[in-house]
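Residue numbers (our numbering): 76 to 499.
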């Protein structure tokens with residue numbers, strides 16, 4: 076149990092206290108809640124741009140923002156303006172990036188089950204790379220080429236059989252995974268050979284991704300060591316290690332920076348004599364701690380001898396990670412950031428699920444009351460992008476703050492929006 080104030084390193088880069096209240100990007104968060112309502116996601120634009128620049132400095136041209144972490148037109152523009160490629164995994168993500176004005180040749184197209192329509196859109200858009208994930212996908216690409224479309228550059232995604240230290244659902248490089256061609260039994264070699272011999276695609280490199288929210292960066296070194304002989308033998312011009320760098324969500328967690336992560340990767344590549352150009356796809360580490368979520372406290376229910384439940388106007392519809400992965404978060408009041416937090420409570424949402432838990436063991440000021448604005452930090456990744464309309468709750472608004480200015484980038488859904496596709 077802790078009663079200390081919220082750890083400062085979990086807050087966005089431009090966070091500061093003004094008369095005891097939290098300001099981000101020069102903007103009072105309580106004022107944001109009053110103007111845009113709650114629940115609402117708030118992003119520090121300076122923080123986003125800073126992380127993009129760090130990634131480009133660490134990996135050079137070719138590093139891609141993994142947009143599945145958080146994507147809207149404003150985010151795509153920022154990543155592109157700061158020199159990043161953008162990694163998209165569906166036709167929907169591709170459509171948003173193109174709508175934001177990102178040229179096709181600055182996009183990398185992922186996905187383990189790309190449809191014919193998605194592949195046609197990718198090829199017609201002139202995407203920089205298609206990361207091929209199956210022989211069935213090769214069949215589709217060859218069908219597209221036979222119909223007269225252009226020949227795409229491809230990376231072959233391999234499954235290195237590496238167990239990263241992360242949640243089971245976030246491991247993507249283990250033998251039992253839906254992603255990639257396994258190194259075992261020569262399957263990945265067969266994929267490389269087919270890509271090389273096909274007139275419908277141009278083989279340019281190898282892709283390996285071991286998982287997400289990985290704190291032990293030595294896992295990336297192990298992955299590179301394991302695949303180095305294969306990468307070198309393939310003649311790949313490019314080798315992508317994917318993404319997966321972990322971020323700190325709660326007190327006591329410490330995460331490596333993008334720069335230190337890159338240092339490990341480059342060092343391992345050099346030690347294993349990989350001559351291919353090294354690229355990566357950070358996502359969570361770009362956006363996670365740039366964002367916070369603001370809620371309004373609606374109900375405080377104290378059950379004597381059991382616990383205190385504190386209910387807010389959101390829940391699993393805008394942050395399903397706690398129920399999916401058991402993810403932990405902190406909570407605090409923006410009006411009292413430096414206050415002691417002796418009140419232990421379970422912060423829950425408004426959905427009709429007992430598992431609708433936002434923070435399992437939260438610590439808050441003793442005077443926390445109905446109507447208070449409550450903040451959960453480090454919610455910039457996989458919150459809005461995984462949001463839903465469960466219980467017909469409209470998705471929250473998303474606001475960017477920077478240099479004292481507030482910019483609405485995603486409008487709050489309305490009740491009318493709930494019926495816009497309901498043809499009854």
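All residues carry an ideal CB built from backbone N, CA and C; glycine is no exception. Since the structure is predicted, the reported quantities are computational estimates derived from the model, not experimental observations.
Range covered by the beta strand (DSSP E) that runs through residue i
i           : result
residue 464 : Run containing residue 464: none; DSSP gives neither H nor E here.
residue 315 : 313 to 315
residue 384 : 382 to 387
residue 427 : First-last for residue 427: undefined, no H or E at that position.
residue 234 : 228 to 234
residue 452 : 448 to 452
residue 99  : 96 to 99
residue 162 : 160 to 163
residue 93  : 91 to 93
residue 434 : 432 to 439
residue 496 : No beta strand (DSSP E) holds residue 496; DSSP gives it neither H nor E.
residue 480 : 480 to 485
residue 420 : 418 to 423
residue 282 : 277 to 283
C-beta atoms of residue i and residue j nearer than 8 angstroms
i           : j           : result
residue 254 : residue 188 : no
residue 361 : residue 340 : no
residue 387 : residue 433 : yes
residue 123 : residue 166 : no
residue 363 : residue 322 : yes
residue 359 : residue 133 : no
residue 314 : residue 351 : yes
residue 160 : residue 183 : yes
residue 393 : residue 114 : yes
residue 117 : residue 107 : yes
residue 469 : residue 489 : yes
residue 168 : residue 142 : yes
residue 104 : residue 405 : no
residue 217 : residue 264 : no
residue 258 : residue 233 : yes
residue 449 : residue 498 : no
Nearest-angstrom Cβ-Cβ length linking residue i and residue j, presumed shorter than 8 angstroms
i           : j           : result
residue 126 : residue 365 : 7 angstroms
residue 320 : residue 333 : 7 angstroms
residue 375 : residue 383 : 7 angstroms
residue 224 : residue 206 : Between residue 206 and residue 224 the Cβ distance is about 18 angstroms, and since that is not below 8 angstroms, they are no contact.
residue 267 : residue 307 : Contact doesn't hold; Cβ gap of about 12 angstroms is too wide.
residue 88  : residue 476 : The pair is not a contact, with the Cβ atoms about 11 angstroms apart (cut-off 8 angstroms).
residue 101 : residue 347 : Contact flag wrong, Cβ pair sits at about 46 angstroms.
residue 487 : residue 112 : 6 angstroms
residue 185 : residue 164 : 4 angstroms
residue 423 : residue 390 : 7 angstroms
residue 438 : residue 78  : 6 angstroms
Top-ranked residue by Cα proximity to residue i, from the options
i           : options               : result
residue 283 : 235, 267 and 300      : 235
residue 156 : 145, 131 and 166      : 131
residue 357 : 426, 135 and 305      : 135
residue 492 : 467, 484 and 473      : 467
residue 496 : 477, 121, 478 and 464 : 464
residue 441 : 415, 296 and 342      : 415
residue 344 : 275, 295, 330 and 421 : 295
residue 219 : 193, 204, 203 and 206 : 193
residue 150 : 489, 494, 459 and 200 : 459
residue 325 : 265, 351, 257 and 451 : 451
residue 137 : 89, 449, 312 and 172  : 312
residue 201 : 213, 208, 172 and 209 : 172
residue 175 : 185, 147 and 391      : 147
residue 222 : 108, 275 and 480      : 275
residue 292 : 214, 91 and 331       : 331
residue 385 : 379, 355 and 443      : 443
residue 213 : 179, 373 and 271      : 271
residue 287 : 129, 260, 317 and 303 : 317
residue 457 : 158, 402, 139 and 474 : 402
residue 252 : 208, 215 and 261      : 208
residue 472 : 480, 262 and 485      : 485
residue 261 : 309, 179, 377 and 462 : 309
Delimiting residues of the alpha helix (DSSP H) encompassing residue i
i           : result
residue 400 : 396 to 400
residue 338 : 333 to 346
residue 79  : Run containing residue 79: none; DSSP gives neither H nor E here.
residue 412 : Here residue 412 belongs to no alpha helix (DSSP H), and DSSP marks it neither H nor E.
residue 114 : Premise fails: residue 114 is in no alpha helix (DSSP H) and is neither H nor E.
residue 377 : From DSSP, residue 377 is part of no alpha helix (DSSP H) but of the beta strand (DSSP E) over 366 to 378.
residue 207 : Element bounds for residue 207: not the alpha helix (DSSP H) but the beta strand (DSSP E), 204 to 207.
residue 296 : 293 to 309
residue 155 : 148 to 156
Margin query: Can you confirm whether the segment 267 to 281 touches the segment 224 to 232 when touching is taken to mean that 3 or more C-beta pairs between the two stretches lie within less than 8 angstroms?
Written below: yes
| query | So does the segment 95 to 113 actually touch the segment 404 to 424, counting three or more Cβ pairs closer than 8 angstroms? | reply | yes
| message | Would you call the segment 417 to 435 in contact with the segment 387 to 397, where contact means no fewer than 3 C-beta pairs closer than 8 angstroms? | response | yes
With a threshold of 8 angstroms, are at least 3 pairs of Cβ atoms found where one atom belongs to the segment 319 to 339 and the other to the segment 417 to 427?
no
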